[in-house]
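So the protein lines, in turn, are chains A and B.
For the first sequence, position 57 matches number 57 in the numbering used here, and the numbering has no gaps at all.
Each position in the second sequence, counted from 1, maps to that position plus 149 in the numbering used here.
From the three backbone atoms N, C-alpha and C, an ideal C-beta is built for every residue, glycine too.
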Amino acid sequence: MNPPTASSMQQSNCHLRFGWRSLLVFLSLGLGLELLHGFKLGWYLDVGNEMRRLMLTLAHAHGTLLALVNIAAGLTLRAVKGFTLSASASWSLRAAGLLLPLGFLLGGLKIYDGDPGIGVIFVPVGALLLLYGTGGAVRTLVRVTREQD
Amino acid sequence: MSAIPTVQDDRFSRRRRDRGRYVRLGVWVWAACSLFTTVWADGGTARPPADRPLPQLTAGYVSSATCYACHPGNYGSWHASFHRTMTQTGSPENIIPEMDGLTLSHDGWIYQVTRRNGTYQVQRRAEVDAAGGFSAPQEIVLTTGSHHLQIYWLATGDGRTLVQFPFAYIVAQKIWAPVIQTFLAPPEFRTIYDVGEWNGACMQCHTTAPRGRYVGGNRFDSQVAEFGISCEACHGEGAEHIARNRNPLRRFSLHLGTKPDPTMVNPAHLKAPESTLVCGQCHSISAFVGMEEKIAWSQWGRKYRPGQPDLQQKFLLQPNAPDHAEQKQAILQQNPHYFSDRFWRDGMVRVTGREMNAVVASPCAKSAEFSCVSCHDLHPKTGGDARWAAWADGHQLATTTESNTSCLQCHPRIAADLPAHTHHAAESTGSLCYNCHMPHSAFGLLRAIRSHQVSSPTVRETLDYGRPNACNLCHLDKPLAWTADKLTAWYGRPQPALTVDDREIATGVRWLLQGDAGLRALTAWSMGWAPAQQASGRGWLYPYLFTGMNDPYAVVRFISWRSLRSLPGFADYPFVYTEEGPALDATVRTGYLDWRQHLQPGHAPYPEGTGLLPDGQFQQDLFRRLLRQRDQSPVFIVE
């Protein structure tokens, strides 16, 4: 394994810090949701609150998954020689890791029957940033690994 | 080591290739067959056979299943309601009791039910014709109701025309009874609904967007948007609402704004008269304006849509209102008892399920705020199976209606000092507004129902119209003079002219012995009502409830029996209320003697005016005289 450069090391640390913190937050949210199930709270479980349940579940799932994506990005930066993320791609991955679950979370706090709250507007923004960040990572990774081949 | 391929190897590899090709081909054929079978099977089950009413979404109707996607909470509360189950298909999961092997007899016929291929089939034969075989089986294709009663409809094979299975299942008591004996009907009536009655009448209110589609003779080709009373019955067709709200920007502008969605009617947002009419399209006594409208209704369905200001093809039938005199005259010519079977003599409704006539006649209706949703909440905010079940069982009342809150929001002066107005303790049932102003003076579904015409109790309503007044529905042991004195002293009501009986005999006794069948049914019900038992005492009720259990009207017998079972010592008392003649006399006599022997000594002395001797026997001269004076007018109350 080749040692990473200083800049990719710095990026890696940044993603790892974000990823692990985010993992802690959204795993905790999962625990919170389990408690809501455990105590059978109508606010979360009633048929009329199906949209809330969906939104909070998605917030938990997306938050956790994107935390792992950021950890994976951090580890990839360390593991693949010459691989760095552009500043915008790196920022996008971290912002997506925040905005996507936050959008679902806010969308679930206040619901309108079968519609989530207005906070869900963060979700498409986060999704676009995620696509941009992932796209940037893929492009660089493909280039770097081809060069190595 | 490299091997040189031989001819044998080549043949072997070709065989393997061919085999792989066959396997792939087989997979494709299997997939195609599966797809075809799935589509074909789905098409087959979506369309019911030609011998039963057809669910058919006409332009604009989308069905409750579609509403569920965006309104799961409202769908959930509706799903828990008895509106949904008003009409269901006759599949065994929708039928409350197990019917396989059931044998019942009524009016000279024996009916036998068997379960075959996931359906219930009914056959019948004449009782006298023991050697003769049973008729060809008829399938139970639809059910009506599931709350108090469930009744069943059979395919006739003549188009989509149905005929009624002549027995109803009484849910709470888990017993079968002839349908006619679940209505307050004179004993000489043996059947109630003819062939095609469901298609011609019942479906108008028990389904969503009904079209009877009369063909000729007894033949109908009936269609509905949905069985049961679903979302679009009260909110109007949903197609446009759905199409326009596919746009999320539109939805969020509605969520975040204050204006209601113009593509959907919400009765809670309508002005009171229009809101009441949404419920009143079914919950009213109404008549067709003319035969043309009736034919148009049958062919094309109801013209009225929720939110509109009148029923269009129909009019609200208020007997004492001056409108539609010609139509009312025609109705009376056809059925001289039409009004007396539905209204008290002053025009107040006496049958349940027709509440709009009462609501609009209430003084509260003069306020622009008073409508059905002032007291009823069709979609409670908090749900869950248990809470919704209790709400549905409790007449879909808003939580504020269980107390005085609904009334006091418009009558704050009374709220300031409730006992000063009610002359009852603030926490007692006598201080609940609806116990005095909405007494149980309407009847249906084997029980007394609150009048929905808000009124104040008077003795005159009893003397002049034969209607039980609110005071004596609770104070059954008090004579009318007692009530008149209280109403004069408390509210300044003028004293009416009273007879000796009015002054001396308990009103409950007189109503049960002298009243017409409707009044007897209401009285027997009140005798089982906890607040009345608390106010009037229980001991003296036993012998009168046994008297009610021997009434010529089957429903009065049923209600008396149910009330008796609310009294100590008789909670599990068995009684077949559909029995008649000497067997009935003997059963009731045995019960009465049983009470006298075992419980009566603890009940004496009895309140003055109840006509009982200290040993629990009736004062025979009084008892016989009151029975002789009974109002024998035939009463036929069909909800």
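Give the secondary structure of residue i by DSSP, where H, G and I count as helix, E and B as strand, and everything else as coil.
i, result
"residue 593(B)", "strand"
"residue 443(B)", "helix"
"residue 325(B)", "strand"
"residue 540(B)", "helix"
"residue 609(B)", "helix"
"residue 515(B)", "helix"
"residue 373(B)", "strand"
"residue 254(B)", "strand"
"residue 588(B)", "coil"
"residue 115(A)", "strand"
"residue 477(B)", "helix"
"residue 193(B)", "With a pLDDT of only 47 at residue 193(B), under 50, the local geometry of the prediction cannot be trusted, and no value is derived from it."
"residue 463(B)", "strand"
"residue 10(A)", "helix"
"residue 147(A)", "helix"
"residue 581(B)", "coil"
"residue 772(B)", "helix"
"residue 315(B)", "strand"
For residue i, which of the options has the nearest alpha-carbon?
i, options, result
"residue 605(B)", "588(B), 592(B), 380(B)", "588(B)"
"residue 359(B)", "228(B), 337(B), 626(B), 203(B)", "203(B)"
"residue 386(B)", "785(B), 366(B), 453(B)", "453(B)"
"residue 295(B)", "281(B), 625(B), 542(B)", "542(B)"
"residue 334(B)", "418(B), 666(B), 611(B)", "666(B)"
"residue 46(A)", "610(B), 636(B), 533(B)", "533(B)"
"residue 458(B)", "422(B), 492(B), 440(B), 472(B)", "422(B)"
"residue 284(B)", "416(B), 292(B), 293(B), 270(B)", "270(B)"
"residue 509(B)", "461(B), 653(B), 601(B)", "601(B)"
"residue 616(B)", "577(B), 651(B), 572(B), 664(B)", "664(B)"
"residue 757(B)", "777(B), 694(B), 650(B), 727(B)", "650(B)"
"residue 796(B)", "277(B), 260(B), 278(B)", "Residue 796(B) lies beyond the stretch modelled for chain B, which goes from 150 to 788, so this question has no answer here."
"residue 678(B)", "657(B), 722(B), 485(B)", "657(B)"
"residue 599(B)", "583(B), 332(B), 226(B), 201(B)", "583(B)"
"residue 591(B)", "638(B), 669(B), 498(B), 554(B)", "498(B)"
Kindly say whether residue i, judged by its beta-carbon, lies nearer than 7 angstroms to any beta-carbon of chain B.
i, result
"residue 112(A)", "yes"
"residue 115(A)", "yes"
"residue 47(A)", "yes"
"residue 42(A)", "yes"
"residue 136(A)", "no"
"residue 50(A)", "yes"
"residue 6(A)", "no"
Establish whether the CB of residue i and some CB of chain A are separated by less than 7 angstroms.
i, result
"residue 400(B)", "yes"
"residue 377(B)", "no"
"residue 521(B)", "no"
Just the Cα atoms here: how many angstroms apart are residue i and residue j?
i, j, result
"residue 734(B)", "residue 539(B)", "38 angstroms"
"residue 65(A)", "residue 425(B)", "52 angstroms"
"residue 254(B)", "residue 347(B)", "22 angstroms"
"residue 558(B)", "residue 519(B)", "11 angstroms"
"residue 634(B)", "residue 436(B)", "42 angstroms"
"residue 495(B)", "residue 702(B)", "25 angstroms"
"residue 623(B)", "residue 455(B)", "38 angstroms"
"residue 240(B)", "residue 257(B)", "28 angstroms"
"residue 86(A)", "residue 141(A)", "12 angstroms"
"residue 700(B)", "residue 783(B)", "13 angstroms"
"residue 786(B)", "residue 323(B)", "23 angstroms"
"residue 313(B)", "residue 446(B)", "22 angstroms"
"residue 152(B)", "residue 96(A)", "In this predicted model, residue 152(B) has a pLDDT of only 47, less than 50, meaning its place in the structure is not dependable; the value taken from the coordinates is given anyway. Using only the alpha carbons, I get a separation of about 58 angstroms."
"residue 644(B)", "residue 720(B)", "41 angstroms"
"residue 473(B)", "residue 507(B)", "18 angstroms"
"residue 147(A)", "residue 52(A)", "48 angstroms"
"residue 292(B)", "residue 300(B)", "6 angstroms"
"residue 105(A)", "residue 123(A)", "10 angstroms"
If I measure Cβ to Cβ from residue i and keep anything under 7 angstroms in the same chain, skipping five residues before and after, which residues do I get?
i, result
"residue 400(B)", "394"
"residue 27(A)", "64"
Could you pull out every residue in the same chain whose Cβ sits closer than 6 angstroms to the Cβ of residue i, ignoring the five residues on either side in sequence?
i, result
"residue 597(B)", "589, 671, 674"
"residue 94(A)", "18"
"residue 568(B)", "575"
What does a CB cutoff of less than 8 angstroms around residue i pick up in its chain, not counting 5 residues either side in sequence?
i, result
"residue 570(B)", "563"
"residue 48(A)", "113"
"residue 7(A)", "84"
Would you say the beta carbon of residue i comes nearer than 6 angstroms to a heavy atom of the ligand SAM?
i, result
"residue 504(B)", "Absence of the ligand SAM is noted for the structure shown, with no ligands found whatsoever."
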